[in-house]
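Protein chains: 2
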Amino acid sequence: MTDAYVVGVDMIKFGRFPEKTVPQIGAESALLALDDCGLGIQDMEALYCGNLMQASAMVGQRILQEIGQTGIPVVNVSNACATGATAFREAWASVKAGLYDIVLAVGVEQMGKGLLGGGGPAKGIPKEGLFGSGTMPAVFAEAGMEHARKYGTTFEQFAKVSVKNHHHSTMNPKAMYQIETPLDTVMNAEMISYPNTKLMCSVNVDGSAAAVIATEKKARELGLMGRAVKVRASVLTSDRWQERDLVMPDVNTCTREASAKAYEMAGVGPEDIDLVELHDCFATAEILHYENLGLCGDGEAGRMIDDGEVALGGRTPVNVSGGLLSKGHPLGATGIANIYEVSTHLRGEAGERQVQGARIGMTHVIGLGSACGIHILEKAA
Amino acid sequence: MTDAYVVGVDMIKFGRFPEKTVPQIGAESALLALDDCGLGIQDMEALYCGNLMQASAMVGQRILQEIGQTGIPVVNVSNACATGATAFREAWASVKAGLYDIVLAVGVEQMGKGLLGGGGPAKGIPKEGLFGSGTMPAVFAEAGMEHARKYGTTFEQFAKVSVKNHHHSTMNPKAMYQIETPLDTVMNAEMISYPNTKLMCSVNVDGSAAAVIATEKKARELGLMGRAVKVRASVLTSDRWQERDLVMPDVNTCTREASAKAYEMAGVGPEDIDLVELHDCFATAEILHYENLGLCGDGEAGRMIDDGEVALGGRTPVNVSGGLLSKGHPLGATGIANIYEVSTHLRGEAGERQVQGARIGMTHVIGLGSACGIHILEKAA
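In order, the protein sequence lines correspond to chains A and B. All letters in the first sequence, in the order written, are residues 2 to 382 by my numbering. All letters in the second sequence, in the order written, are residues 2 to 382 by my numbering.
If you want it as structure tokens, here you go:
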């Protein structure tokens with residue numbers, strides 16, 4: 002199989018756009034990604050669209066109505082919070098397979114509209130109050146508390162994740178927020194589900210991100226290899242059956258399986274990764290994923306945040322974009338926004354927040370239900 | 002790229018199952034398709050799930066919860082009435098590409114539940130009454146009337162499509178209905194939107210269908226080539242921009258483009274096709290698609306139904322399963338149910354309704370919005 006490259010990639014500044022439609026929001030990032038590589042929609046051979054909340058509504062085709070209908074195949078995918086990563090992966094697979102030479106992947110979400118309504122507990126989950134057992138905040142609070150019980154991880158260590166990611170976002174003009182949140186502010190914010198305060202929960206925003214993916218041959222023909230980013234690994238996993246409390250989904254297993262497969266596919270190890278955009282839907286989740294992704298050994302995540310190893314300038318900067326905690330988390334867009342962030346560093350175009358000398362980066366998303374998507378990207382030679 | 006084969010395929014008898022969940026209905030056909038080739042869910046390397054009305058709800062993963070969670074990638078797709086065909090196509094692409102050796106595709110729908118509610122006009126379409134302008138019945142009635150104006154096609158000719166398909170379904174134990182509908186019964190049924198009476202509209206049912214797709218190497222290793230069906234062409238298209246009434250989507254263009262591409266990909270012509278399962282969502286639609294698929298010249302569709310060329314025993318039998326008009330149309334399942342029907346004839350296992358000597362068959366679906374999916378299948382050598 003041929004290699005596949007990200008040749009154009011971009012995202013809109015995340016925010017709240019109740020006056021726009023989902024296709025309009027999606028079209029904006031599609032046009033930005035096309036502009037990024039100097040191409041037009043007529044150059045694309047297929048569109049893979051990821052959207053969660055309006056997944057029944059032909060969002061991909063409606064994006065083409067906004068920017069140009071050319072008769073190309075459109076595939077609409079949804080996969081909870083892994084929706085954008087899944088759309089990117091299907092696009093990657095189609096190019097890797099040689100079905101197409103160049104395709105577009107778009108992820109888009111408008112929160113507070115559509116099926117899920119953006120915030121309330123999903124149907125079928127016991128409704129024991131918005132933040133009670135079985136809801137997202139409870140699931141990740143309980144997972145964090147289990148880590149605390151096993152390894153002595155402290156409230157302060159969890160809170161430091163949010164301080165770090167908010168600090169990172171002050172250097173990212175596309176993040177929803179660009180404000181510092183000192184440790185005492187984070188720890189004293191409204192308690193949502195211990196140990197996560199309101200500033201330790203991901204931000205509910207609208208957004209979209211898009212990527213143009215091409216074969217090596219096509220990228221060379223178009224003169225786009227200079228800023229191209231190679232996809233070294235693309236992995237998707239789902240939960241295995243296991244003995245467990247049915248109300249408490251496992252948030253660790255499928256990430257561990259996906260990261261092991263991704264390292265194997267890319268032929269690299271955690272020590273080779275220069276930056277990571279991981280799924281910090283809650284501050285507790287980021288701590289768990291340091292270990293799930295093999296960035297440190299089990300029980301060492303608290304030390305890792307204390308030592309600044311995951312901050313910009315540290316050994317393996319994590320969520321330099323500001324992450325879901327400050328950049329924001331428009332569900333179906335997040336997976337491709339991660340690809341944008343890592344690609345921007347590999348291209349050396351991240352400005353003030355640039356991870357110096359970044360050569361290989363990783364993106365990670367996890368959707369409960371479940372789907373875990375991991376990509377490893379490398380600067381084209 | 003390697004060839005890809007359908008090695009297992011089946012569907013449930015379509016019906017109405019309000020007491021079941023969507024994942025339960027989907028799991029039933031998945032197990033039937035696995036049984037068809039003597040494999041288990043642990044043998045599958047990925048799952049591609051098509052569902053329209055609950056597209057946000059991780060239907061694929063929930064099917065695995067019913068039959069066995071093995072950690073495999075799950076991709077949930079939706080594409081209006083082309084949803085099942087799109088899921089099958091993504092599964093085919095993954096095998097064709099060499100990403101996986103063997104995968105499962107499932108299409109499932111439970112009507113009257115979920116986002117669209119099953120029947121009412123979709124959001125964003127002018128609500129001029131359930132059967133008024135802009136609704137599905139009106140779109141296909143108007144397209145039929147345009148054909149009548151141009152070519153003199155008669156009410157009786159449109160009605161004969163329904164007589165034929167209902168007759169076919171009397172030989173299909175998996176169809177929703179197995180009843181003859183004589184011409185006067187069809188013509189005197191409640192008028193929905195002229196010229197389509199109630200018996201000329203597709204049947205709103207629950208259903209699911211599933212297929213196991215494998216590389217040639219894997220099919221041989223497993224000893225499954227004897228009943229295997231080769232996928233000779235898989236094509237997906239969407240609408241091109243054109244000058245047209247925005248309320249009246251084009252129901253012809255993307256089918257013509259898809260069929261031309263499918264014939265080219267398969268290296269065959271309409272004269273090589275031994276049977277067709279096409280998208281008879283309304284009787285008028287079937288008439289249009291004889292021409293759109295190149296089964297006859299423009300303006301000859303009326304003659305084709307009069308002469309019995311498209312009936313069982315005719316030159317190119319169409320919708321021998323009973324079609325959407327009598328077998329039923331569970332949106333996300335229909336594309337894979339078509340694959341089941343054609344494969345069953347190519348295997349010589351269609352019993353009373355067998356198309357004698359069938360060697361090559363075509364399936365066609367079209368979803369407004371738009372997506373057209375066409376597959377050409379051939380008996381493995």
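The C-beta atom is built at its ideal place from N, Cα and C for all residues, glycine as well. Just so it is clear, the structure is predicted and the values come from calculations on it, not from any experiment.
- The criterion of a C-beta distance shorter than 7 angstroms is satisfied by Gly329/B and Val204/B.
- When secondary structure is reduced to three states using DSSP, Ile367/A falls in the strand class.
- In the structure shown, the three-state DSSP call for Phe15/A is coil.
- In the three-state reduction of the DSSP assignment, His168/A falls in the helix class, which pools H, G and I.
- Rounded to whole angstroms, the separation of the alpha carbons of Lys219/A and Val8/A is 10 angstroms.
- Proximity to Val140/A across Ala284/A, Arg257/A and Val319/A peaks at Ala284/A, based on C-alpha coordinates.
- For Leu237/A, the nearest beta carbon of chain B is closer than 7 angstroms to its own beta carbon.
- In this structure, the alpha-carbon of Gly336/B lies about 19 angstroms from that of Gly61/A.
- Across the set Arg348/A, Met266/A and Glu278/A, the C-alpha of Arg348/A shows the shortest separation from the C-alpha of Gly227/A.
- For the pair Gly224/A and Val311/A, the Cα-to-Cα distance works out to about 35 angstroms.
- Residue environment analysis places Lys165/B among the buried positions, since at least 16 neighbouring C-beta atoms fall within 10 angstroms of its C-beta.
- In the DSSP assignment, Leu33/A falls within the unbroken alpha helix (DSSP H) covering Val23 to Asp37.
- Cβ-Cβ separation between Ile13/A and Gly208/A: approximately 6 angstroms, consistent with a contact (criterion under 8 angstroms).
- Within chain A, no residue has its beta carbon less than 8 angstroms from that of Asn293/B; the closest one is some 14 angstroms off.
- Assigned with DSSP and collapsed to three states, Leu378/A falls in strand.
- At a Cβ-Cβ threshold of 7 angstroms, Ala94/B and Gly51/B do not count as neighbours.
- For the stretch 251-288 of chain B, the continuous beta strand (DSSP E) assignments of 3+ residues that do not extend past its boundaries occur at 276-278, in sequence order.
- A direct Cα-to-Cα measurement between Gln70/A and Tyr264/A gives close to 39 angstroms.
- DSSP places Arg150/B within a helical segment (H, G or I) once states are collapsed to three.
- As for any beta strand (DSSP E) of minimum length 3 sitting wholly inside the stretch 185-225 of chain B, the runs are 192-194 and 208-216, ordered along the chain.
- Taking C-alpha positions only, Ala98/B is separated from Glu91/A by approximately 11 angstroms.
- Collapsing the DSSP output to three states places Leu325/A in a helix.
- The Cβ atoms of Phe15/B and Met188/B lie no closer than 7 angstroms to each other.
- For the set Leu369/B, Leu105/B, Cys255/B and Leu53/B, the Cα lying nearest the Cα of Ile68/B is the one of Leu105/B.
- Proximity of Ala210/B to chain A, defined by a Cβ-Cβ separation below 7 angstroms, is not satisfied.
- Taken through DSSP and simplified to helix, strand or coil, Leu332/B comes out as helix.
- Taking a C-beta cut-off of 8 angstroms against chain A, the contacting residues of the stretch 67-78 of chain B are Gly69, Gln70, Thr71, Gly72, Ile73, Pro74, Val75, Val76, Asn77 and Val78, listed in chain order.
- Rounded to the nearest whole angstrom, the CA to CA distance from Pro138/B to Thr254/B is 19 angstroms.
- Residues of the same chain with a CB within less than 8 angstroms of the CB of Asn197/B, apart from the 5 flanking positions on each side, are Pro138, Phe141, Ala142, Gly145, Phe159, Phe283, Ala284 and Thr285 in chain order.
- Contact residues of the stretch 52-68 of chain A toward chain B are Leu53, Met54, Ala56, Ser57, Met59, Gln62 and Leu65 (C-beta to C-beta distance below 7 angstroms).
- One thing to note: Gly309/B has its Cβ within 7 angstroms of the Cβ of Gly315/B.
- A straight line joining the alpha-carbon of Glu342/B with that of Val206/B spans about 17 angstroms.
- Under the three-state reduction of DSSP, Arg348/A is assigned to coil, being neither helix nor strand.
- Gly108/B is classed as buried because its beta carbon has at least 16 other beta carbons within 10 Å across all chains shown.
- In chain order, Ala98 make up the part of chain B whose C-beta sits under 7 angstroms from the C-beta of Lys97/A.
- Nearest to Ala212/B by alpha-carbon distance, out of Pro174/B, Lys262/B and Ile103/B, is Ile103/B.
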